[in-house]
Amino acid sequence: MTIKKTSSTDRVWDFFCSLKLTIFTLLFLAITSIIGTIIQQDGSPEEYIREYGRANYELFKKLQFTDMYHSWWFVGLLGLFSVNLICCSIKNFPRAWKFVVNPMLVAGEGTFKNSTNKAEFVSDESLESLTPRISEALKNSFTKPVLTEADGKLNLFAQKGIYSRFGAYMTHLSILVIMLGAIIGTVWGYKAYVNIVEGTEINQVWPRSGNQPIDLGFSVRCDKFEVEYYPGTQRPKEFRSLLTVTENGKVVIDKQKVIVNKPLSYKGITFYQSSYGPAGNGSFEIEVTDNKGGDKMTVNPIQGQKVPLPNGFSFSVDDFTPSYDSYGPAAKLHVDAPDGKHRTPFVILQKFPQFDVRRGGDFSFALKGYKQPQYTGLQVAKDPGVWVVWFGSFLMVFGSMSAFFFSHRRVWIRLSQENGKTRIQMAASAHRNQPAFALKFEDLKKQIEDTIENKA
Amino acid sequence: MESGQLFNLVTLGYFIAMVLFITYLATRSSKVALAAHLVSLVGVIMHTLAIGMRWYESYQMPGGVGHAPLSNLYESVVFFAWTILVIYLLLDIKYKQRSVGAFVIPFAFFAMTWAQLKLNTSIEPLVPALQSNWLTYHVITCFLGYAAFAVACGVSIMYLIKIGKEEKSDGSPIGGILGIFPSVRILDEINYSAIMIGFPLLTIGIVTGAAWANYAWGTYWSWDPKETWSLIVWFVYAAFLHARFTRGWVGRRAAWLSIIGFAATIFCYLGVNLVLSGLHSYGG
Ligand code: HEM
């Protein structure tokens, strides 16, 4: 081997192309990624100081361990990774491309002599009558060959699976595509959240980073929110929001059910069911009977609200519990007399509407229901890069499979005339998974041999 | 019969298979090897039935609880044991190295024993986040990948034992139990093949997981500990494969990297739930 003097730019280039750099980067990424799984990410300073002490916290801040996957050094490592990929592909792609533009149609003597997979036959038949039959046999048992005449010899060449030479490049490209998709999503997309109280609508959402709300350009109303439980348990089976989207006063999506794993999308913005909770004061439905006249009325007060009754009386609800021992929902009420006097509070039960009649006051009350309005918590995401990421993922899976499980297989056959006989030489190669190809070649050899008559 | 009893029989079957495989190492009797192989086959068939039965049983329960049995730690460990057997038996078709069973079946046996004795076996309703077909695709691909790595790890341990002895004996043929091990060249090749099978499966597992996260939460990647650890595992095996392309890293170093990779896999699978916390509060 001659030792070539390499310039420093060559050395830099080789460094960025090298597989050593790849392996180093991969392992270094693996090891440093562990940090962020042990140290909580994006916590508050107080939490870190409590857990690790102030000195360590200062150190973490300096090394950006508290948001390490976005730190300059981690992103830099990913950048190095990409540069490595690009350089190695630029360097090696032309070599793979040569197999496409410049296939080895004619094999040299060396190939026929040195291949692991080789065979040779001699026949009395003429070259002209043998060639079409061998060509046909090759076509049937492998694939259609290309014929080339050189130096008075006939050369057949057939190949399969050339795409597998590009599997590695496709895989490498896919990583860049995925990164590109992630960048598109970061630059042109956002992650936000919004809480919508039942019956109300919003047209702004709140980004998770930053505190200016984002205008949607349309409105989303929560018509209804419900939680369904597995029978007899407190485990939620499904929580669902009915959402209506209106734009310029027109309904564009009407009462679509949104549940976890079934989001709503409009104009590239997607709403995901994520949480729920009580919103504001619940209202009671109470039926009041005037015991003197027998008149009935239904009112819907919130807790603490003073409700006027006939003849200067009034009442309000002081307290509520969804389960009063085993009696179910119960409310505590009191009545105010026309002179402003507070009368003794009493309890009414939803399950027993006649219960209060026995108390025998001026009015009797029955609790018909209690409605706690809910808000639905939605994650909101706009990610125009997500399809790029899926395309990249597809390339990665497809590319790594074709790199690992398929190989570029080539077969050469040369027919030459010697002393009135025909000499048939065969050679074949696979660029990966040779043992399996060796079996295939045995079969191929037999097929070819069978077509040759008058073997000498 | 209920699926729980059948799972106990499966565990017993793997125990017998394991003992037979170890007996094979000691006796070198090909009859014992065949018996071990057959018991493993019967075991995996029963295992398949038992998983199907548990699936069916979940639909017989009141309250619309029915779901594929891949939803909590117990079910995943049972499924993991099943995938180990499947990958092992598939590789066995190609390599027919029965002694490998002695180093792979124990993974499945210990997984089943742990699941049957220590984990909560009751069928539980799915929380809303898990009610998705993506769960099925994600779990199946991830675990087939993990199982391939388990086989690679078992073979790598054999490799390290054998190469250590071979080097000490200066090339003279080694007898005893090690004599029946496949040659180091074959062990190295099985290690490589298994990782080549596992790597694309893990890749699909990560992609389906990302697709699901995107569908349920609106982010395909949020660097939560489970996701990050799956990426760590992916990095380790990607490094393994590239180290191999250079031809430098075959043999001992490849075996070690394979064992490290499997340790990371197990941490990704169990350690993250038991030690760290995150979105995948899967079992715990
Ligand atoms: C799914 C992941 C990957 C797969 C399946 C894969 C596959 C391959 C294959 C098959 C080769 C050999 C190419 C050949 O022999 O023609 C290769 C080489 C290489 N890969 Fe990857 N790769 C992956 C990820 C990466 C990553 C993440 C990097 C990061 C920088 C990388 C950098 C390289 C480099 C530098 C080479 C050497 C190219 C050469 O010398 O031909 N690969 N890869």
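From first to last, the protein sequence lines are chains A and S. Using our numbering, the first residue of the first sequence is number 4, and each one after it goes up by one. Using our numbering, the first residue of the second sequence is number 598, and each one after it goes up by one. C-beta: ideal position from N, C-alpha, C; glycine also. All figures in this text were calculated on a predicted structure; none of them were measured in a lab.
Fill in: Among S:MET643, S:TRP711, S:VAL748 and S:SER696, nearest to S:ALA860 - alpha-carbon criterion
Nearest of S:MET643, S:TRP711, S:VAL748 and S:SER696 to S:ALA860, Cα basis: S:VAL748.
Worksheet item: Would S:VAL830 pass as a contact of S:CYS865 if the rule is Cβ separation under 7 Å?
Response: Their beta carbons are under 7 Å apart, which means S:VAL830 touches S:CYS865 by this criterion.
Worksheet item: Can a CB atom of chain S be found closer than 7 Å to the CB of A:PRO210?
Response: No Cβ of chain S is located within less than 7 Å of the beta carbon of A:PRO210.
Worksheet item: Could you give the residue range of the beta strand (DSSP E) that holds A:VAL350?
Response: Following the DSSP letters along the chain, one finds A:VAL350 inside the beta strand (DSSP E) bounded by residues 349-352.
Fill in: Sheet register partners of A:ASP218 (DSSP bridge)
Here A:ASP218 is bridged, per DSSP, to A:GLN207.
Fill in: Member of A:TRP191, A:LYS354, A:PHE102 and A:ASP127 whose CA lies at the smallest distance from the CA of A:ASP328
A:ASP328 has its Cα closest to that of A:LYS354, out of A:TRP191, A:LYS354, A:PHE102 and A:ASP127.
Practice prompt. Under 7 Å between beta-carbons, which chain S residues line up against A:SER403? List them in chain order, please.
Written response: Those are PHE796, PRO797 and THR800, listed as they occur along chain S.
Item to complete: Rank A:PHE316, A:SER317 and A:PRO356 by C-alpha distance to the C-alpha of A:ALA334 and give the top, closest one.
Response: Ranking A:PHE316, A:SER317 and A:PRO356 by Cα distance to A:ALA334 puts A:PRO356 first.
Practice prompt. Report all residues from its chain with a CB closer than 7 Å to the CB of S:THR733; omit the five preceding and five following residues, and keep chain order.
Written response: Taking S:THR733 as the centre and dropping the five residues before and after it, the same chain places the C-beta of ALA665 and LEU667 closer than 7 Å to its C-beta, in chain order.
Worksheet item: Helix, strand or coil: how does DSSP classify S:TRP846 here?
Response: Coil.
Worksheet entry | Interface partners of S:THR825 on chain A, CB under 9 Å | Ordered by position in chain A, the residues that pass the 9 Å Cβ test against S:THR825 are SER36, ILE37, GLY39, THR40 and TYR72.
Practice prompt. Return helix, strand or coil for S:ILE777, following the three-state DSSP convention.
Written response: It is coil, neither helix nor strand.
Discussion item. Counting beta carbon pairs with one atom in the segment 838-854 of chain S and one in the segment 307-327 of chain A, are three or more of them shorter than 8 Å?
Written reply: Between the segment 307-327 of chain A and the segment 838-854 of chain S, the count of C-beta pairs closer than 8 Å stays below three; the two stretches do not touch.
Worksheet entry | Residue-chain proximity (S:VAL804, chain A), Cβ-Cβ < 7 Å | With 7 Å as the cut-off, S:VAL804 counts as an interface residue toward chain A.
Worksheet item: Going along the chain, which residues of the segment 730-762 of chain S sit with their C-beta nearer than 7 Å to a C-beta in chain A?
Response: Closer than 7 Å at the C-beta level to chain A, one finds no residue of the segment 730-762 of chain S.
Fill in: Stretch-stretch touch, CB-based, cutoff 8 Å, three pairs: the segment 217-226 of chain A with the segment 364-374 of chain A
No contact exists between the segment 217-226 of chain A and the segment 364-374 of chain A.
Worksheet item: Looking at the unbroken beta strand (DSSP E) that takes in A:PRO281, where does it start and where does it end?
Response: It spans 272-281 - the beta strand (DSSP E) in which A:PRO281 sits, taken as one unbroken run.
Practice prompt. Would you tell me roughly how many angstroms separate the C-alpha atoms of A:LYS121 and S:ARG841, rounded to the nearest one?
Written response: If you take the alpha carbons of A:LYS121 and S:ARG841, they lie about 28 Å apart.
Discussion item. Which runs of the beta strand (DSSP E) at least 3 residues long sit entirely within the segment 361-392 of chain A? Give them in chain order.
Written reply: Qualifying beta strand (DSSP E) stretches, in chain order: 366-374 and 377-385.
Worksheet item: Across which residues does DSSP place A:THR425 in a beta bridge pair?
Response: Under DSSP, A:THR425 forms a beta bridge with A:SER126 and A:GLN420.
Item to complete: Pick helix, strand or coil for S:HIS839, following the three-state DSSP scheme.
Response: Looking at S:HIS839 - three-state DSSP - the assignment turns out to be helix.
Practice prompt. With DSSP collapsed to three states, give me the class of A:ASP321.
Written response: Judged by DSSP in its simplified three-state form, A:ASP321 adopts strand.
Discussion item. Do A:TYR233 and S:GLY742 count as a contact pair if the criterion is CB distance below 7 Å?
Written reply: Not closer than 7 Å, so no.
Worksheet item: Would you say A:GLN375 and A:GLY285 are within 7 Å of each other, going by their C-beta atoms?
Response: Yes, the Cβ-Cβ distance between A:GLN375 and A:GLY285 is below 7 Å.
Practice prompt. Using alpha carbons as the reference points, say which of S:TRP652, S:LYS691 and S:ILE684 lies closest to A:VAL439.
Written response: Per the sequence shown, residue 439 of chain A should be read as Ala rather than Val. Ranking the options by Cα distance to A:ALA439, first place goes to S:LYS691.
Worksheet entry | Other residues of its chain near A:PRO325: CB distance less than 7 Å, five sequence neighbours each side excluded | Hits under 7 Å: PRO332.
Worksheet item: Whose CA, out of S:LEU873, S:PHE706 and S:GLU721, lies closest to the CA of S:MET658?
Response: It is S:GLU721.
Worksheet item: In three-state terms, what does DSSP make of A:TRP16?
Response: DSSP places A:TRP16 in helix when its eight states are reduced to three.
Worksheet item: For S:ASN811, which of A:GLY388, A:LYS448, A:VAL190 and A:SER92 has the nearest alpha-carbon?
Response: Out of A:GLY388, A:LYS448, A:VAL190 and A:SER92, the CA that lies nearest to the CA of S:ASN811 is found in A:GLY388.
Item to complete: Output, in chain order, the set of chain A residues within a Cβ distance shorter than 7 Å of S:ASN811.
Response: Correct list: VAL389.
Fill in: the segment 211-239 of chain A: positions lying closer than 9 Å to chain S by Cβ
Within the segment 211-239 of chain A, the qualifying residues are TYR233, PRO234, GLY235, THR236, ARG238 and PRO239.
Item to complete: Could you spell out where the alpha helix (DSSP H) holding A:ASP154 opens and where it closes?
Response: First-last for A:ASP154: undefined, no H or E at that position.
Fill in: Within 7 Å, strictly: CB atoms of A:VAL255 and A:VAL248
Yes; because the gap between Cβ atoms is below 7 Å, this pair is in contact.
Worksheet item: Name the chain S residues whose beta carbon is nearer than 9 Å to that of A:TYR275?
Response: In chain order: TYR812, ALA813, TRP814 and GLY815.
Worksheet item: Excluding five sequence neighbours on each side, which residues of the same chain lie with their C-beta closer than 6 Å to the C-beta of S:MET650?
Response: So the qualifying residues of the chain are SER600.
Practice prompt. Could you please give the first and the last residue of the uninterrupted alpha helix (DSSP H) stretch that includes A:LEU88?
Written response: Unbroken alpha helix (DSSP H) run through A:LEU88: 75-104.
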